[in-house]
Amino acid sequence: MNRDGQKRVLSNIVSPYGLAVISYVLFLFAWLIPPSVYTNYMQERDLMFLDPATFLFYTLCVAAFILGVFLWGSLFPSAPVAKRMLETIVPPVLFVWVPLTIGIALTVIYSVLFIKSNPTLVLTLLALQGSEIKEMAALLGTENKLALVTPFLTGIIWWAAWRYGQLDLKKMQRRLLKFTLVLAIFSVIVAATLTLSRSELMIVISGLSVLLVLRRDEQGRLDARFVARFGIAFGVLIVFLFLSFAFLRGSQAPDVLICQFLGYTFASYNRLAAMVNDGLRYPFAGHGIYLSSVIAFSQSLGHVLPFREAMGSPEYLEVWGSQFGAVSRAGLSEGLIWSGAFGYIFSDVGWFAPLVLFGYGLLCGFLWNAMRAGKLLGVVLYPWCAFCILFWFGTNYLLDTPSSILVLDVMILSVYERLLLKI
Numbered sequence: 001m002n003r004d005g006q007k008r009v010l011s012n013i014v015s016p017y018g019l020a021v022i023s024y025v026l027f028l029f030a031w032l033i034p035p036s037v038y039t040n041y042m043q044e045r046d047l048m049f050l051d052p053a054t055f056l057f058y059t060l061c062v063a064a065f066i067l068g069v070f071l072w073g074s075l076f077p078s079a080p081v082a083k084r085m086l087e088t089i090v091p092p093v094l095f096v097w098v099p100l101t102i103g104i105a106l107t108v109i110y111s112v113l114f115i116k117s118n119p120t121l122v123l124t125l126l127a128l129q130g131s132e133i134k135e136m137a138a139l140l141g142t143e144n145k146l147a148l149v150t151p152f153l154t155g156i157i158w159w160a161a162w163r164y165g166q167l168d169l170k171k172m173q174r175r176l177l178k179f180t181l182v183l184a185i186f187s188v189i190v191a192a193t194l195t196l197s198r199s200e201l202m203i204v205i206s207g208l209s210v211l212l213v214l215r216r217d218e219q220g221r222l223d224a225r226f227v228a229r230f231g232i233a234f235g236v237l238i239v240f241l242f243l244s245f246a247f248l249r250g251s252q253a254p255d256v257l258i259c260q261f262l263g264y265t266f267a268s269y270n271r272l273a274a275m276v277n278d279g280l281r282y283p284f285a286g287h288g289i290y291l292s293s294v295i296a297f298s299q300s301l302g303h304v305l306p307f308r309e310a311m312g313s314p315e316y317l318e319v320w321g322s323q324f325g326a327v328s329r330a331g332l333s334e335g336l337i338w339s340g341a342f343g344y345i346f347s348d349v350g351w352f353a354p355l356v357l358f359g360y361g362l363l364c365g366f367l368w369n370a371m372r373a374g375k376l377l378g379v380v381l382y383p384w385c386a387f388c389i390l391f392w393f394g395t396n397y398l399l400d401t402p403s404s405i406l407v408l409d410v411m412i413l414s415v416y417e418r419l420l421l422k423i
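1 is the number of the first residue of the sequence shown in our numbering; add one for each residue after it.
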């Protein structure tokens, strides 16, 4: 590959194209795992191994997504990432520091309230009985206030990390903002630990990783060696976080930890295989509730827009609990219910899922263009989009609860920037 070709590949490593390819390679790896290895750890049938229906469905979904991204990029071409400096009405350090501090304060307040409402929380964590905490958080569902504040701070962290490089800051000001950013990330870590929500940590880390790679590209310092080392470090960190939370939930034996890791990654493809071969069906499939938890379950949104009533959506806990029985009846380990993003979409629309993924591709293509242009919309929402693509093996995150909170971030920060940025 010539130098220009290599540069083009590296520049697209965190684009929707690059991330989709990474996720697809992960699927292929799982699809090729020998049944003897998979069954030995998971204690369930391996339905995905070389299964043609699963391969066809997953490939069609990825192809449709990439087509959507390509179509948007063809209709509305974007320029390469370019450095753009900003001027503020107030001192630049305050411009970034104030939203960060407000986000940290809200997270700390709700963390304290969460602890007060659950007096045995800390002792339960120390006793490595975190599974009880996770069950409690699941009972709260989409109305868990701490789970709403954390993505709010996450969006501000992404915004601050990007704007930090666009402002003329002195040495001490840079140190102050770096310290505040670290404090904000630590606040997310604490909040995620209190609810044992590993996804909240993975979201903020994935988003920051995307922004770091894009910043290096903007500065002309992105090379293959950096991408390789950074990719390995990112993978190790994600695995470490996953195993750490599994340990807090009470999984301590090495075999159990491996089983947990496989259960929340590769096992989702096995459930997808059961679905596309008519071996697994969630009780509430076909109602549209797996396309967006915000629309289906949010009581707050329901007061404004009556989507829940129109869809006839049941309560979140009822839907969540029903999946365990469905997985068990399919002859799979009932404790692992995730069927991946494509599996949940399949539950509602069947083989029309590639059409939904085409729409997702258009949306991600739009946000990718906004990110490359340094627009606020892209800075806050594209890192979320990137996480959703990278973690297709999880659940259908894209229109999940954090997306609505991040949109709120965009609205608030848009007004904030309009008032304090010099045009």
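Note that CB positions come from ideal geometry on N, CA and C, so glycine has one too.
Check: residue 275 C-beta below 6 Å from any heavy atom of the ligand SAM: Only the bare structure without any ligand can be found here, which leaves the ligand SAM out of the picture.
Buried or exposed by the 16-neighbour rule on C-beta atoms within 10 Å, applied to residue 217: buried
Using a 10 Å radius around the Cβ and a threshold of 16 neighbouring Cβ atoms, would you call residue 367 buried or exposed? buried
Which one of 168, 103, 169 has the shortest CA to CA distance from residue 159? 103
Would the stretch 373-384 and the stretch 320-334 be scored as touching if the rule is three or more Cβ pairs under 8 Å? Taking 8 Å as the limit for Cβ pairs, the verdict is that the stretch 320-334 does not touch the stretch 373-384.
Check this for me: beta carbons of residue 38 and residue 51, under 7 Å apart or not? Inclusion of residue 38 and residue 51 in the CB contact set at 7 Å is not warranted, their separation being larger than that value.
Tell me, to the nearest whole angstrom, how far the beta carbon of residue 150 is from that of residue 87; I am working on the premise that it is less than 8 Å. Taking 8 Å as the upper bound for CB-CB distance, residue 150 and residue 87 are not in contact here, some 32 Å apart.
Counting Cβ pairs, one atom from each stretch, are 3 or more of them under 8 Å apart for the stretch 396-408 and the stretch 336-346? yes
Local Cβ density within 10 Å of residue 220, reported as buried at 16 or more and exposed below that: exposed
Using a Cβ-Cβ cut-off of 7 Å (strictly less than) and excluding sequence neighbours within five positions of residue 273, which residues of its own chain qualify? Excluding the 5 residues flanking it on each side, residue 273 has same chain C-beta neighbours closer than 7 Å at 47, 48, 51, 54, in chain order.
Alpha carbon to alpha carbon, what distance is there between residue 99 and residue 412? Residue 99 has its alpha-carbon roughly 10 Å from the corresponding atom of residue 412.
Member of 43, 175, 21, 31 whose CA lies at the smallest distance from the CA of residue 334: For residue 334, the nearest C-alpha among the options comes from 43.
Beta carbon of residue 210, beta carbon of residue 402: below 7 Å? no
Going by C-alpha distance, which of 224, 196, 229, 233 is nearest residue 205? 233
Among 418, 231, 262, the one whose alpha carbon lies nearest that of residue 10: 231
DSSP puts residue 88 in a beta bridge; with which residues? 421
Provide the residue span of the alpha helix (DSSP H) that contains residue 384, from first to last. 376-390
DSSP on residue 17, reduced to helix/strand/coil? helix
To the nearest whole angstrom, what separates the beta carbons of residue 436 and residue 62, a pair I think is in contact under 8 Å? Outside the modelled stretch of the chain, which goes from 1 to 423, sits residue 436, for which no answer is possible.
Residue range of the unbroken alpha helix (DSSP H) whose run includes residue 323: That run of the alpha helix (DSSP H) goes 316-329.
Limits of the alpha helix (DSSP H) - the one that residue 216 falls within: 198-218
Other residues of its chain near residue 67: CB distance less than 8 Å, five sequence neighbours each side excluded: 358, 361
Residue 208 versus 364, 8, 154, residue with shortest Cα-Cα distance: 154
Quick one: using the 10 Å Cβ neighbour count with 16 as the cut-off for buried, is residue 228 buried or exposed? exposed
Separation of residue 95 from residue 169, as counted between CA atoms: 11 Å
Mind reading off the beta-carbon distance from residue 14 to residue 213? Whole number of angstroms is fine, and I expect it under 8 Å. 5 Å
DSSP state of residue 102, grouped into three classes? Correct three-state label for residue 102: helix.
Using a Cβ-Cβ distance under 7 Å, would residue 219 count as near chain C? Absent here is chain C; the protein component of the structure consists of one chain.
In its own chain, which residues sit with a C-beta less than 8 Å from the C-beta of residue 166, not counting the 5 before and 5 after it? 83, 84, 85, 86, 374
Are residue 344 and residue 264 touching if we call contact CB-CB under 7 Å? Not in contact: residue 344 and residue 264 (Cβ atoms no closer than 7 Å).
Suppose only complete runs of 4+ residues qualify. What are the alpha helix (DSSP H) ranges in the stretch 336-378, listed by chain order? 340-349, 353-372
Does DSSP put residue 411 in a helix, a strand or coil? Helix, per DSSP.
Residue 348 and residue 286 look like a contact to me (Cβ under 8 Å); what is the Cβ gap, rounded to whole Å? Indeed, because the Cβ distance is near 6 Å, the residues count as touching under 8 Å.
Does the beta-carbon of residue 353 have 16 or more other beta-carbons within 10 angstroms, so that it is buried, or is it exposed? buried
Cα-Cα separation, residue 40 to residue 329: 20 Å
Going by Cα to Cα distance, which pick from 318, 59, 157, 288 is closest to residue 203? For the residues 318, 59, 157, 288, the minimum Cα distance to residue 203 belongs to 157.
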